[in-house]
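Engineer: Got a structure for you, written out below as structure tokens; questions coming shortly.
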Amino acid sequence: MKPKIFLTRPIPEKALAMMEAECEVDIWHTSEILPPTAERLPGLDGLVTYSHEPVTAEMIASAPNLKVISNVGVGYNHIDAEAARAQGVAVGNTPGVLSETTADTTFAQLLAAARHLVPASIFVQEKRWTCYDPNIFHGFDVHHATLGIIGMGRIGYEVAKRALGFDMRVLYYKRTRREDWEAALGIEYASFDRLLEESDFITLHVPMTEETHHLIGKEEFQKMKPTAILVNIARGPVVDPAALYEALKNGEIARAALDVTDPEPIPMDDPLLTLDNALIFPHLGSSTLQTRTRMATMAAENLLAGLKGEPLPYSVFG
Ligand code: DGY
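Under my numbering, the very last position in the sequence shown is 336; numbers go up by exactly one each time.
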């Protein structure tokens, strides 16, 4: 009998074929979050997840045969990994492979916010462009501005490389200083407060932990420049949404681009959606077909190893 696996979202063809060759595959095709009491959980050997849905201790406990949870994505804060470990369930993720694509998206969103790209395009689509006007959609220069990177891991490193191509001055904040990266890229370590005070653009790349919950809140916005642009491509709860709303509304900062929100999807009555200086995207960080296929393939490798009781090639437990 083939092991039973469940995918909480459809997955690119190449990875699906790898899984179908060895497993009985069931796919959740609705847009709803998998309920913790889902009837299919007790019979599962493997679970393939994406970053949006919680995999709780209760769900893991209800699946006594479960051998592996394979997450298609690097962040795994939505999975109770300790509960999985306690039950002997392996947990895998897909680090590294999405760093460059996520850095590209960071830059795309930074540029979009700086240069009003989304409203300007909507303006033309709405057939409101009736004469050349040199005084519309004035943005902020990105070149030669100061970028502050909070969370200097693989993605932050790639963002810094891109910023250097724009002749930006790059500050970074990280718990453990990387003097080798400073020397290699010509970037500068800054304290958290100095980074907030001196940056024209601030991008967030920290993992979601208790320590990073609402890392950016009222006090942090007060330290930023009134012209600052914040890009959150980490996890929604890293930013306090009420404080962000106030900061954007009261001009404490100029704009924000949010690839992630809390919760996801953002509720349609969320006050942030009423602001024209907040650009909100549907969690697009790693969303190219090439990268999503590479991520899914890594997830398939993790899944198949875990089902056989072998060490995962990319385990969150190191
Ligand atoms: C990740 O890899 O954690 C991304 O957020 C998934 O899209």
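All residues carry an ideal CB built from backbone N, CA and C; glycine is no exception.
Since the model is a prediction, treat every value here as computed from it, not as a measurement.
By Cβ distance below 7 Å, which residues in the same chain neighbour G324 in space, the five residues on each side in sequence not counted?
Structural biologist: So the list reads G64, K85, V86, S88, A108, G110 and L330, once near-sequence residues are dropped.
Engineer: Tell me K32's beta-bridge partners as DSSP assigns them.
Structural biologist: Beta-bridge pairing links K32 to no other residue.
Engineer: Find the nearest neighbour of E40 within the set V73, F24 and V92, judged by alpha-carbon distance.
Structural biologist: Residue F24 is the option with its Cα nearest to E40.
Engineer: In the DSSP output, which residue or residues are listed as bridge partners for Y190?
Structural biologist: Within the DSSP bridge table, the entry for Y190 names I167 and Y207 as partners.
Engineer: Is N268 near V257, with beta carbons less than 7 Å apart?
Structural biologist: no
Engineer: Can you tell me which residues form a DSSP beta bridge with G64?
Structural biologist: I23 and V86
Engineer: Helix, strand or coil for E282 per DSSP?
Structural biologist: coil
Engineer: Measure how close the beta-carbons of R253 and N95 come, nearest whole angstrom, since I'm counting them as under 8 Å.
Structural biologist: 7 Å
Engineer: Would you mind stating whether S117 and E76 have Cβ atoms separated by less than 7 Å?
Structural biologist: No; because the gap between Cβ atoms is not below 7 Å, this pair is not in contact.
Engineer: Buried or exposed for I234, going by 16 or more other Cβ atoms inside 10 Å?
Structural biologist: Its Cβ being crowded by 16 or more others within 10 Å, I234 is buried.
Engineer: Within this structure, are the beta carbons of I247 and R212 separated by less than 7 Å?
Structural biologist: no
Engineer: Ends of the alpha helix (DSSP H) at N111?
Structural biologist: Careful: N111 lies outside any alpha helix (DSSP H) and carries neither H nor E.
Engineer: So T221 is in the beta strand (DSSP E); what residue range does that whole segment cover?
Structural biologist: F219 to L222
Engineer: Just mark M313 as buried or exposed, buried being the case when its beta carbon has 16 or more other beta carbons within 10 Å.
Structural biologist: buried
Engineer: Between D277, P283, E31 and A317, which has its C-alpha nearest I298's C-alpha?
Structural biologist: D277
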